[in-house]
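**Q**
Here you go:
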């Protein structure tokens, strides 16, 4: 499903879904995956665009997806479970560490991310699994290289995907998971 994000990061939503999808495919090829573009096309083809939009507006204020609409989306994309990604924060920058005559020779490049994932069961309308990842990456460097969005999202997604259950389990037995590094 379409990711959610904090204001100012709206343009990163599709990139977030693409990166997490790619990492999920690499780390867990046993999980059947429908890409966001394919899912959105199927939702639109099923005539659910208005309901999909309304469901997200309701989610913003309640944190709940409508069971009825989730079921219709599950049917449209032929999936029992859907993933809701939320980019809660992403920051990057640098700090000078050593300078000589006004030139920075070494600096610390850093990036941090907080990402939240919920897996919703489209047949029951319940949350089957959720996890949150907070990751800080820092690197001492003398180059202009930055720590980019893709690198941090990939590392964060790998950490979260490692927490996913490994076998078919009753969704009521799944719990939440948290990883912080």
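Residue numbers (our numbering): 426 to 606. Ideal Cβ positions, reconstructed from N, Cα and C, are used throughout, including at glycine.
1. Determine the burial state of residue 547: buried for a count of at least 16 other Cβ atoms within 10 Å of its Cβ, exposed for fewer.
2. Take the Cβ of residue 581 as the centre, count every other Cβ of all protein chains shown within 10 Å, and call the residue buried at 16 or more, exposed below.
3. Mind the definition here: the region 465-475 touches the region 447-454 only if three or more C-beta pairs lie below 8 Å; say whether that holds.
4. Nearest by alpha-carbon distance to residue 543: which of 515, 518, 586, 482 is it?
5. In terms of DSSP beta bridges, what is residue 445 paired with?
6. Going by beta carbon distance, what residues of the same chain come within less than 7 Å of residue 456, once the five residues before and after it are set aside?
7. DSSP state of residue 546, grouped into three classes?
8. If I follow the unbroken alpha helix (DSSP H) through residue 470, where does it start and stop?
9. Since I believe residue 506 is in contact with residue 553 (beta carbons under 8 Å), could you give me their beta-carbon distance rounded to a whole number of angstroms?
10. Report yes if the C-beta distance between residue 471 and residue 436 is below 9 Å; otherwise report no.
11. Quick check: residue 549 and residue 492, are their CB atoms within less than 9 Å of each other?
12. Identify whether residue 496 lies in helix, strand or coil by the three-state DSSP scheme.
13. What separation, rounded to the nearest whole angstrom, lies between the Cα atoms of residue 559 and residue 481?
**A** On the basis of the coordinates in this document:
1. buried
2. buried
3. no
4. 586
5. Its beta-bridge partners do not exist; DSSP assigns none.
6. 449
7. strand
8. 461-470
9. 6 Å
10. no
11. yes
12. helix
13. 24 Å
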